[in-house]
Structures are given as C-alpha cells and as structure tokens.
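In the working numbering, the protein residues as written are -6 to 38.
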C-alpha cells in the first residue's frame, strides 16, 4: 500500500468511473514496476 500511495496520495478524477480507471492504471503501473525489478533466475546444471 505504501508503494501504491507513492504514485499519488489523492485521486484526481471527480467521477466514480474515472476514479476506478485512475486506480486501475496505478495498479497496472505498480505491477509493471514490480515485474521490471524482479531478477530473472536461470537454472544452471
């Protein structure tokens, strides 16, 4: 939740539908940043 709030403390959109869309975009960004930060592991054998 802390990382989610780093993307913006408040919701900027006024209507409920746009608020939902804004939060979905934030979640997608956070998931992408997390994915980019994960190392790729390769089995050596």
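By construction, the Cβ of each residue, glycine as well, lies at the ideal position given by its N, Cα and C atoms.
Item                                                                                : Value
Helix, strand or coil at residue 4 according to DSSP, with G and I counted as helix : coil
9 Å Cβ cutoff met for residue 75 and residue 6                                      : As shown, the chain starts at -6 and ends at 38. That puts residue 75 outside it, with no answer to give.
Inter-residue Cα distance where the pair is residue -5 and residue 27               : 13 Å
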